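No gaps in the numbering here: position 75 of the sequence shown is 77 in my numbering, and each next residue is one more.
Beta carbons are placed, not taken as given, at the ideal position from N, Cα and C, and that holds for glycine.
Every value quoted in this text rests on a predicted model; they were computed, and no experiment measured them.
So the structure is just underneath, and the comments pick up after that.
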Amino acid sequence: MKQRGTWLAWVLVGMVAFVQGAWAQGPGGVRKQVEASMRVTGMITIRADGGVAAVALDKQDRLPEGIPDFVTKVASAWRFEPVLIGGVPTQVQTKMSARLVAKSTGDGMMQVSVRGADFGDYEAIPVEERVSSVSLKPPGYPMVAARSGAQGTVYLLLKIERDGSVSEVVAEQVNLRIVVSEPQMRLYRERFSRAAIGAAEKWAFTPPTRGEAAEQPHWVIRVPVDFTFDAKRRYGQWEAYVPGPRERVSWAQQEDRPGFSPDVLADGGVHMEGGMQGPKLLTPLDGV
């Protein structure tokens, strides 16, 4: 990935220059954590042998110059475990969501890589075979964060019981879009987490009633909760953010698919763990 990422840095240096400003404003320890990030979505066609036959990105005209070619070249080199339908390897199409990250190389340049990817098409699964939401009342904005202009995304893990109630909920990861001191970062992460968890404890869901998932004693889902002042974040634009540590919990033991990270998921959606994660990637995200 280094060669591809370094090459792209020359194309994008002007486009992500604002991130250099974020480094200049924040404390030294935090500056090293700041990244520019963008989520790119689309469809990929996987051949019967697991290779990628085609890549079609969403809204290419909104993506920065160089990004469509970059993602297409990387994705075209991926190989997946062949998808079996009726026991026979079959060519399929599936959704793709990829998280791109740009980091400073220390010489005024930015190196771009694919941080994570998800290939699940959750909404294509019949509603009777998956956990679906009944009520997802959003949390209130923490006052201390609102006053300082802090924004971020909380990636929640929820344990859903057979009656649709939430029995456990944790903040798996909290990414911030503000550069301040470490103590302030901890404060904002704690307040965003507390607000998101408080709201999630009151949420209600409809469990699956048929299919393999219906037999489970409980279900684990992910729900990203975004705290932002923009009603709708714009697709195809870089955002400066500081990724938070990822927490592991004992009741969510399902192994992630290769290349997965919580921040590849769309904000506000319900994403179920387990066999609904889509085709399994066999090669590294850089395609090598």
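Smallest Cα separation from Phe207: which of Arg236, Ala152, Val168, Pro286?
-> Position 205 of the sequence shown, counted from the start, is the residue given in the question as residue 207. Comparing Cα-Cα distances from Phe207 to each of Arg236, Ala152, Val168, Pro286, the minimum goes to Val168.
Residues of its chain near Ala100, where Cβ-Cβ distance is below 6 Å and the 5 sequence neighbours each way are ignored | Start at 1 with the first residue of the sequence shown, and residue 100 comes out as number 98. If we look at Ala100 and ignore the five residues flanking it on each side, its Cβ neighbours are Val42, Val116, Ala119.
Check the DSSP bridge columns for Val90 and list the partner residues they point to.
-> The residue labelled residue 90 in the question sits at position 88 within the sequence shown. BP columns for Val90 point to Ile87.
How many Å lie between Pro70 and Asp288 at the Cα?
-> Locating residue 70 in the sequence shown gives position 68, counting from the first residue. Locating residue 288 in the sequence shown gives position 286, counting from the first residue. Answer to the nearest angstrom: the Cα atoms are 15 Å apart.
Whole angstroms is fine: what's the gap from Ile127's alpha carbon to Leu267's?
-> Within the sequence shown, residue 127 is the residue found at index 125, counting from 1. Within the sequence shown, residue 267 is the residue found at index 265, counting from 1. In a straight line, the C-alpha of Ile127 is about 16 Å away from that of Leu267.
Nearest neighbour of Gly89, chosen from Trp80, Ala50, Gly68 [CA to CA] = By 1-based counting over the sequence shown, the position of residue 89 is 87. The shortest C-alpha separation from Gly89 is found at Ala50.
Go to Thr155, then tell me how far its beta strand (DSSP E) extends in each direction, as first and last residue.
-> Residue 155 sits at position 153 when you count from the first residue of the sequence shown. Taken as a continuous stretch (DSSP letters only), the beta strand (DSSP E) holding Thr155 covers 154 to 162.
In angstroms, rounded to a whole number, what distance separates the CA positions of Ile48 and Arg212?
-> Along the sequence shown, read from residue 1 onward, the residue named residue 48 stands at position 46. Along the sequence shown, read from residue 1 onward, the residue named residue 212 stands at position 210. So the two alpha carbons sit approximately 28 Å from each other.
Contact set for Phe82: own chain, Cβ-Cβ below 7 Å, skip 5 residues either direction = To locate residue 82, count along the sequence shown from 1; it is residue 80. Once the five neighbours on either side are set aside, the close Cβ partners of Phe82 are Ile48, Gly52, Pro281, Lys282, Leu283, Leu284.
Under the three-state DSSP convention, the category Leu287 falls into = Start at 1 with the first residue of the sequence shown, and residue 287 comes out as number 285. Looking at Leu287 - three-state DSSP - the assignment turns out to be coil, as it is neither helix nor strand.
Which residues DSSP lists as bridging Gly200, in chain order | Position 198 of the sequence shown, counted from the start, is the residue given in the question as residue 200. None; Gly200 has no bridge partner.
With a 10 Å radius around its C-beta and 16 neighbouring C-beta atoms as the bar for buried, classify Arg188 as buried or exposed.
-> By one-based count along the sequence shown, residue 188 stands at place 186. Classification for Arg188: exposed.
Which partner residues of Thr47 appear in the DSSP bridge assignment?
-> Taking the sequence shown and counting its residues from 1, one reaches residue 47 at position 45. Its beta-bridge partners are Ala56, Gln95.
As assigned by DSSP and simplified to three states, the class of Ser134 | Position 132 of the sequence shown, counting from 1, holds the residue named residue 134. Correct three-state label for Ser134: strand.
Would you say Val85 and Thr74 are within 8 Å of each other, going by their C-beta atoms?
-> By 1-based counting over the sequence shown, the position of residue 85 is 83. By 1-based counting over the sequence shown, the position of residue 74 is 72. No, the pair does not count as a contact, with Cβ atoms beyond the cut-off.
State the DSSP-derived secondary structure class of Ala268, mapped to helix, strand or coil.
-> Start at 1 with the first residue of the sequence shown, and residue 268 comes out as number 266. DSSP places Ala268 in coil when its eight states are reduced to three.
Pull up the distance between the alpha-carbon of His220 and that of Glu163, whole angstroms please.
-> Within the sequence shown, residue 220 is the residue found at index 218, counting from 1. Within the sequence shown, residue 163 is the residue found at index 161, counting from 1. Going from the Cα of His220 to the Cα of Glu163 covers about 5 Å.
Any chance the segment 129 to 137 sits against the segment 150 to 158, with 3 or more Cβ pairs inside 8 Å?
-> no
Taking 8 Å as the CB-CB cut-off, is Arg188 touching chain C?
-> Of the chains in the structure shown, none is chain C; there is only one protein chain.
Within 10 angstroms of the Cβ of Ile87, are there 16 or more other Cβ atoms? Answer buried if so, exposed if not.
-> As a first step, residue 87 is located in the sequence shown; it is residue number 85 there, counting from the start. Per the 10 Å Cβ criterion, exposed.
Could you name the residues that DSSP lists as bridge partners for Trp221?
-> Taking the first residue of the sequence shown as 1, we reach residue 221 at position 219. Note: Trp221 sits in a beta bridge opposite Ile162.
Candidates Gly68, Gly44, Pro144: which alpha carbon is nearest Gln95's?
-> Locating residue 95 in the sequence shown gives position 93, counting from the first residue. Minimum Cα distance to Gln95 is reached at Gly44.
Is Pro226 helix, strand or coil by DSSP?
-> The residue given as residue 226 occupies position 224 in the sequence shown. Strand at Pro226.
Note down, in chain order, each residue of its chain lying with its Cβ closer than 6 Å to the Cβ of Pro144, except the 5 sequence neighbours on either side.
-> Stepping through the sequence shown from its first residue, residue 144 is reached at position 142. Correct list, in chain order: Arg193, Ala197.
Based on Cα-Cα distance, which residue from Arg64, Asp63, Ala56, Val129 lies nearest to Lys97?
-> Working through the sequence shown from its first residue, we reach residue 97 at position 95. Looking at the Cα atoms, Ala56 is the closest of the given residues.
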